[in-house]
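Mapping of the sequence shown onto this note's numbering: position 24 corresponds to residue 151, and the numbering continues sequentially without gaps. Ideal Cβ positions, reconstructed from N, Cα and C, are used throughout, including at glycine.
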Amino acid sequence: MTMPSDSSEQIQNSLGDYYATVIDSVGDGVIVVGHDGVITLFNPAAEEITGFSRRQTVGASFDKLFANETALLEIVTKTLRTGITISDHENVMVRSAGRIVPVAVTCYPLVLPNGEHIGAILTLKDITYIRELEAAVRQADRLSTLGTLAAGLAHEVKNPLGGIKGAAQLLERELGQDDEQLEYTRVVIRESERIDHIIRELLELASPRGLKLSPVNLHEVLGHILQLQKHAVADKEITFTAQFDPSIPAIMADAEMLTRLFLNLILNAIDAMGDAGRLTVTSRVLSDYRMSQNERSSRMVVVEVSDDGPGIPREDLENIWSPFFSTKSGGTGLGLTICHKIVAEHRGMIKADSHPGHGTKFTVLLPLIQ
Ligand SMILES: Nc1ncnc2c1ncn2[C@@H]1O[C@H](COP(=O)(O)OP(=O)(O)OP(=O)(O)O)[C@@H](O)[C@H]1O
Ligand SMILES: [Mg+2]
Numbered sequence: 128m129t130m131p132s133d134s135s136e137q138i139q140n141s142l143g144d145y146y147a148t149v150i151d152s153v154g155d156g157v158i159v160v161g162h163d164g165v166i167t168l169f170n171p172a173a174e175e176i177t178g179f180s181r182r183q184t185v186g187a188s189f190d191k192l193f194a195n196e197t198a199l200l201e202i203v204t205k206t207l208r209t210g211i212t213i214s215d216h217e218n219v220m221v222r223s224a225g226r227i228v229p230v231a232v233t234c235y236p237l238v239l240p241n242g243e244h245i246g247a248i249l250t251l252k253d254i255t256y257i258r259e260l261e262a263a264v265r266q267a268d269r270l271s272t273l274g275t276l277a278a279g280l281a282h283e284v285k286n287p288l289g290g291i292k293g294a295a296q297l298l299e300r301e302l303g304q305d306d307e308q309l310e311y312t313r314v315v316i317r318e319s320e321r322i323d324h325i326i327r328e329l330l331e332l333a334s335p336r337g338l339k340l341s342p343v344n345l346h347e348v349l350g351h352i353l354q355l356q357k358h359a360v361a362d363k364e365i366t367f368t369a370q371f372d373p374s375i376p377a378i379m380a381d382a383e384m385l386t387r388l389f390l391n392l393i394l395n396a397i398d399a400m401g402d403a404g405r406l407t408v409t410s411r412v413l414s415d416y417r418m419s420q421n422e423r424s425s426r427m428v429v430v431e432v433s434d435d436g437p438g439i440p441r442e443d444l445e446n447i448w449s450p451f452f453s454t455k456s457g458g459t460g461l462g463l464t465i466c467h468k469i470v471a472e473h474r475g476m477i478k479a480d481s482h483p484g485h486g487t488k489f490t491v492l493l494p495l496i497q
């Protein structure tokens, strides 16, 4: 029995709709390129990854549209030429609306049932989350190795240091009130105390203290720090601006740790600005932020501490979290390592954005509830 043509067309159409819906629903970008290099299909996920709309792309030349993405072009050209499937999960980036998206790509030949190659199907997977996660794991690994090493060293140094300080104190007592040598014993005692302070911080860094959680009013914590620091730098021309979102509820956190965290960031900003500058602290709520693709989304609070100081050179940016990385003459370089640990213990995230000459912004994300 032959089917009436309009009904067959209907089936064809609805089948076409069905396939289109399937492709549009795929979470990975799908782009189909004909043998002549013209794009014939561009799904919504591809729009999201590349920043191009379907209207801009379907009917346009793939080579022209992606002229700057050499890695991507090479893959598509090769599949079109050879009919081979090619994958690259490491090296491809797509520039889209001012950001660079790392993507995992596979390009398949588009083959008719009779074996004729008529184009290429390109799939793109946004792997930003995977890259961020990999970087976070690498950083945490490095910090934990360094932390363990440093803690071992600290233990070893602690006892002899106590001996040195004790001996210097005895010597001080032996010397007369106005003995010239008193100056030397004081240097020994003062410097021993400095080392002792570093060691205590290091040991604390290496041992998880556990959080003492309670509802914390973030703005109270931040306001308090700002007020004290304003006083401390009253002789300088530093302006403090606070822009707090009043709708932020109390968050479950360790108040003492958060004070330490934000004090470190604010002190760093003040150090960086020298005698004059503008320090801004802002807060807002970020809803439905996902730390990784698989984690359930949770509401986070964002606090940003920005300064208009000299900024951090690009080559230093990845080192600032390491223990003992400091560019200050009297700095121990433990401040940001401690900040990183406090944020991690709160299951949050911290990052630094800085461009030399344009200041520095530290962004802290903390979950509203633990
Ligand atoms: N806001 C900022 N602007 C410019 N550089 C910064 C800023 N914050 C941190 N840095 C850089 O990062 C380095 C590490 O900071 P970190 O707080 O860990 O140590 P530190 O401030 O040098 O010493 P301390 O242990 O006393 O805090 C600093 O020495 C500085 O070079
Ligand atoms: Mg510091």
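Determine the extent of the beta strand (DSSP E) in which residue i is found, giving its start and end residues.
{"i": "threonine 487", "result": "487-494"}
{"i": "glycine 156", "result": "156-161"}
{"i": "histidine 282", "result": "Looking at the DSSP string, histidine 282 is not in any beta strand (DSSP E); the run it does join, the alpha helix (DSSP H), is 255-301."}
{"i": "isoleucine 378", "result": "378-380"}
{"i": "threonine 167", "result": "166-169"}
Looking only at DSSP bridge pairs, what is residue i linked to?
{"i": "valine 429", "result": "Arg411 and Leu492"}
{"i": "tyrosine 235", "result": "Ile248"}
{"i": "threonine 192", "result": "In the sequence as presented, threonine is not what sits at residue 192; that position holds leucine. Its beta-bridge partners do not exist; DSSP assigns none."}
{"i": "lysine 455", "result": "Answer is none; lysine 455 lacks a bridge partner."}
{"i": "serine 223", "result": "Arg226"}
{"i": "threonine 404", "result": "The displayed chain sequence assigns glycine, not threonine, to residue 404. For glycine 404, which the question treats as bridged, DSSP gives the partners Ile365."}
{"i": "glutamine 370", "result": "Thr409"}
{"i": "lysine 478", "result": "Thr490"}
{"i": "aspartate 434", "result": "Leu406 and Thr487"}
{"i": "serine 214", "result": "Thr233"}
Below 7 Å, is the gap between the Cβ of residue i and the nearest heavy atom of ligand 4?
{"i": "phenylalanine 389", "result": "This structure does not include ligand 4; its bound ligands are ligand 1 and ligand 2."}
Rounded C-beta distance between residue i and residue j? I'm assuming under 8 Å.
{"i": "alanine 479", "j": "aspartate 434", "result": "With 8 Å as the limit, alanine 479 and aspartate 434 do not qualify as a contact, their Cβ atoms being about 11 Å apart."}
{"i": "valine 232", "j": "leucine 251", "result": "5 Å"}
{"i": "valine 75", "j": "threonine 386", "result": "The displayed coordinates of the chain run from 128 to 497. Any statement about residue 75 would go beyond what the structure contains."}
{"i": "valine 157", "j": "leucine 142", "result": "Going by Cβ atoms, the distance from valine 157 to leucine 142 rounds to 18 Å, so no, they are not a contact pair."}
{"i": "serine 223", "j": "glycine 178", "result": "3 Å"}
If we ignore side chains and look at the alpha-carbon of each, how far apart do residue i and residue j end up?
{"i": "lysine 205", "j": "isoleucine 213", "result": "8 Å"}
{"i": "glycine 210", "j": "leucine 260", "result": "35 Å"}
{"i": "glycine 475", "j": "threonine 255", "result": "18 Å"}
{"i": "glutamine 370", "j": "glycine 462", "result": "24 Å"}
{"i": "valine 159", "j": "phenylalanine 189", "result": "9 Å"}
{"i": "alanine 172", "j": "valine 238", "result": "23 Å"}
{"i": "isoleucine 465", "j": "tyrosine 145", "result": "55 Å"}
{"i": "glycine 337", "j": "isoleucine 469", "result": "10 Å"}
{"i": "leucine 388", "j": "histidine 473", "result": "11 Å"}
{"i": "alanine 278", "j": "leucine 345", "result": "31 Å"}
{"i": "asparagine 391", "j": "glutamate 174", "result": "42 Å"}
{"i": "leucine 340", "j": "isoleucine 477", "result": "19 Å"}
{"i": "aspartate 443", "j": "glycine 274", "result": "19 Å"}
{"i": "isoleucine 326", "j": "arginine 181", "result": "59 Å"}
{"i": "serine 271", "j": "threonine 490", "result": "22 Å"}
{"i": "aspartate 306", "j": "leucine 298", "result": "11 Å"}
{"i": "glycine 319", "j": "aspartate 268", "result": "Rather than glycine, the amino acid found at residue 319 in this sequence is serine. One C-alpha to the other measures close to 31 Å."}
{"i": "threonine 454", "j": "histidine 482", "result": "16 Å"}
{"i": "serine 419", "j": "isoleucine 257", "result": "With a pLDDT of only 48 at serine 419, under the threshold of 50, the placement of this residue in the model should not be trusted, and no figure is reported."}
{"i": "alanine 382", "j": "valine 343", "result": "6 Å"}
{"i": "tryptophan 448", "j": "histidine 467", "result": "7 Å"}
{"i": "glycine 225", "j": "isoleucine 176", "result": "12 Å"}
{"i": "histidine 244", "j": "glycine 154", "result": "26 Å"}
{"i": "cysteine 234", "j": "glutamate 201", "result": "11 Å"}
{"i": "alanine 359", "j": "glycine 486", "result": "21 Å"}
Could you please give the first and the last residue of the uninterrupted alpha helix (DSSP H) stretch that includes residue i?
{"i": "valine 348", "result": "345-359"}
{"i": "leucine 338", "result": "Element bounds for leucine 338: n/a, residue is neither H nor E."}
{"i": "isoleucine 375", "result": "Looking at the DSSP string, isoleucine 375 is not in any alpha helix (DSSP H), and its letter there is neither H nor E."}
{"i": "aspartate 443", "result": "441-444"}
{"i": "isoleucine 469", "result": "462-472"}
{"i": "valine 314", "result": "309-333"}
{"i": "glutamate 243", "result": "Neither: glutamate 243 is in no alpha helix (DSSP H) and is coded neither H nor E."}
{"i": "alanine 198", "result": "197-209"}
{"i": "glutamine 304", "result": "Counting along the chain, glutamine 304 falls outside any alpha helix (DSSP H), and DSSP gives it neither H nor E."}
*Is there contact between the stretch 372-387 and the stretch 487-497, where contact requires at least three CB pairs shorter than 8 Å?*
yes
Report task. Flag this pair as touching only if the stretch 351-371 and the stretch 399-408 have three or more C-beta atom pairs under 8 Å; answer yes or no. Result -> The stretch 351-371, when compared against the stretch 399-408, does touch it at the 8 Å Cβ threshold.
_I want to know whether the stretch 458-468 touches the stretch 346-358 - three or more CB-CB distances under 8 Å._
no
**Prompt:** Below 8 Å, can you find three or more Cβ-Cβ pairs linking the stretch 311-331 to the stretch 283-298?
**Reply:** With the cut-off at 8 Å, the stretch 311-331 and the stretch 283-298 touch.
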